[in-house]
Every structure is written in C-alpha cells, then in structure tokens.
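Here the structure is laid out as structure tokens; the discussion comes afterwards.
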Amino acid sequence: MQRLQLAEGAPEGLEVWRLSLDLNAPVADDDDRLLSRAEWQRAQRLHRHADVVRAVATRAALRRLLSAHTGIAPEKLAFTQNAYGKPALENAGGPAFNVSHSGHVALIALAPGGAVGVDIERCRPEAELAPLQGLVLSPSEQLDHARDSSALPFMERWVVKEAVLKALGLGIADHLQALSITSSLGPPGTYHLEHSLPVSSPLQAWPLPAPSGYAAALGYVDKSYVDSDCTCYAHGAQGQRDSTTFQEIHHG
Numbered sequence: 000m001q002r003l004q005l006a007e008g009a010p011e012g013l014e015v016w017r018l019s020l021d022l023n024a025p026v027a028d029d030d031d032r033l034l035s036r037a038e039w040q041r042a043q044r045l046h047r048h049a050d051v052v053r054a055v056a057t058r059a060a061l062r063r064l065l066s067a068h069t070g071i072a073p074e075k076l077a078f079t080q081n082a083y084g085k086p087a088l089e090n091a092g093g094p095a096f097n098v099s100h101s102g103h104v105a106l107i108a109l110a111p112g113g114a115v116g117v118d119i120e121r122c123r124p125e126a127e128l129a130p131l132q133g134l135v136l137s138p139s140e141q142l143d144h145a146r147d148s149s150a151l152p153f154m155e156r157w158v159v160k161e162a163v164l165k166a167l168g169l170g171i172a173d174h175l176q177a178l179s180i181t182s183s184l185g186p187p188g189t190y191h192l193e194h195s196l197p198v199s200s201p202l203q204a205w206p207l208p209a210p211s212g213y214a215a216a217l218g219y220v221d222k223s224y225v226d227s228d229c230t231c232y233a234h235g236a237q238g239q240r241d242s243t244t245f246q247e248i249h250h251g
C-alpha cells in the first residue's frame, strides 16, 4: 500500500493510499478475518473471484488505516451510512473516508476534518464511452467536448465529478449534470467548476497520480459542510449556479 503525494495546497492531514491488487490470488486470511459478517456476506454475493478479492482486500485495508487513526482494533470498527449509502464510522472522532476501486487498483482517502471523496476508473475505448457522455456531461460540456479537440478528456471530467459528489455524499447519477468542469483561465493546471448543487461550502478537487490506463481524482468539502450535518438542501436554492476553481496535480 502506497501513500500518494498530494498537490500543494491540499488540506493538512488529508491522506490518499493506493493499493495494487492481485486479482488472481486467493483471498488473504489476514484480510478475511478483519471483515464483519455483513461485509463478508456482501463480498460472497459477488460472482467473480476478482471482485471478491478486490472487495475484501480494499475493506481490510480501510479497516487497518482507520484503526491506526482511532486506536480501535480493525475488526472492532463499526460503520453507518447516510441516505445515499455513503459510509462513515459509527462513533464520532475518527476521520472521514472514501474508497474507490477499478481493475487492479484501489484508492482509500482519509480526512480528519471535512468530507472526502475519491474515484478511480480504468480508461475505456472511445466507442464504449460515447453512450455515457449524455449521462455524465452537462449540456455545456457536451458542446465543449464536441467542438474542441483540446477540451478536457471525458474520463478526467468523469472522475472529478464522481469524487466531488462522493465527498458531498449525494447520489451520483442524479447530480453528474449539475457540474460543469472546464480548464481554468487562472493559473496553469487548475479547473473551473460551475455547479447548481444545493451547497454553499467551498468545493475542492485534485486529479491524483494514477497508473497508465487509469484516471483518478480526489474531492473535498470543508468542515462547515460536515458541521451542518451534510443537510445539503439547506445550503441554498436549487438551480443557483456557483463556481469553484479546482487545483490540479498531474497524473503520474
């Protein structure tokens, strides 16, 4: 497991860890014993061996990292989740966290304050991505993508959107088109984000170093959002567009 170096300006204490998974290996006994009965049952309902390995190894790694931060034995940690299924530690005091995996790579993000989201996707052929553009891209992004060959790649927009929405704890499919991401006119290596999300707290995101053939991003919302109990729709009227500049680190 490797801790990734984040961009300058990322909140202090924010951590992202990357796992490289051997999907042909048997499930490790040391991982198996850390999972709760419910977690193990969910993993066993997966049909492919690779999916079981990915789920068990990632969950066990998450438990180990959270144990190091909380002092609670990894197998004793208990979790809860919000209405959209975003998990959190049952007892206050531990870091916020988020997990994503694709192919043979998994990411785990931890944040001592605020809310965090992470996403990694294995890049796909353009023919497979074309049907998804109408679901992921906002109308303005679709125009930008169609007329400008130098526009941000589809996969880059996708992972940034998912990371931000996962940080917010919102349903992803329902809100992807509420975000529009373009290259910023400001400092090189930044994004400009327009959104109609019901959130007034500042949003931040950074692309993450990813293996060849993958795209990854980290999303973060500051403590003011968490202190409001993440009651997103209390932060502002729907339909009002806001904008945020996203800092970028380049893919490794």
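Taking numbering that gives the first Met the number 0 as reference, the numbering of the sequence shown is continuous, increasing by one, and the terminal residue is 251. All residues carry an ideal CB built from backbone N, CA and C; glycine is no exception.
With C-beta atoms as the reference, is Y213 less than 8 Å away from G113? Here residue 213 refers to the residue found at position 214 of the sequence shown. Here residue 113 refers to the residue found at position 114 of the sequence shown. In this structure, G113 does not lie closer than 8 Å to Y213 by Cβ.
**Item:** V98 vs T69 beta-carbon contact at 8 Å
**Value:** Numbered from 1 along the sequence shown, position 99 holds the residue referred to as residue 98. Numbered from 1 along the sequence shown, position 70 holds the residue referred to as residue 69. No, the pair does not count as a contact, with Cβ atoms beyond the cut-off.
Q: Any chance you could list the beta strand (DSSP E) runs of at least 3 consecutive residues sitting entirely within the segment 113 to 150, in chain order?
A: 114 to 121
Could you tell me the alpha carbon to alpha carbon distance between Q4 and Q40, rounded to whole angstroms? Within the sequence shown, residue 4 is the residue found at index 5, counting from 1. Within the sequence shown, residue 40 is the residue found at index 41, counting from 1. Going from the Cα of Q4 to the Cα of Q40 covers about 34 Å.
### Sheet register partners of W16 (DSSP bridge)
Taking the sequence shown and counting its residues from 1, the one referred to as residue 16 is at position 17. Its beta-bridge partners are R2, I107.
### Message
Can you tell me where the beta strand (DSSP E) holding S101 begins and where it ends?
### Response
Within the sequence shown, the letter at position 102 stands for residue 101. Per DSSP, S101 belongs to the beta strand (DSSP E) from 95 to 101.
- request: Spell out a yes or no on whether the segment 120 to 131 and the segment 78 to 98 are touching, meaning 3 or more CB-CB pairs, one atom from each, closer than 8 Å.
  value: no
Margin query: What does DSSP give as the partner residue(s) for G218 in the beta ladder?
Written below: In the sequence shown, the residue the question calls residue 218 occupies position 219. DSSP lists G116, A204 as partners of G218.
*Between A48 and A95, what straight-line distance do the alpha-carbon atoms span, to the nearest angstrom?*
Here residue 48 refers to the residue found at position 49 when the sequence shown is read from its first residue. Here residue 95 refers to the residue found at position 96 when the sequence shown is read from its first residue. It should be pointed out that residue 48 corresponds to His in this sequence rather than to Ala. Their Cα atoms are separated by approximately 29 Å.
* Asked: When you compare only the Cα positions, how much space is there between S211 and I119?
  -> In the sequence shown, the residue the question calls residue 211 occupies position 212. In the sequence shown, the residue the question calls residue 119 occupies position 120. The straight-line gap from Cα to Cα measures roughly 12 Å.
* Start and end residues, beta strand (DSSP E) containing L88 -> Against the sequence shown, residue 88 aligns to sequence position 89. Note, L88: beta strand (DSSP E), 86 to 88.
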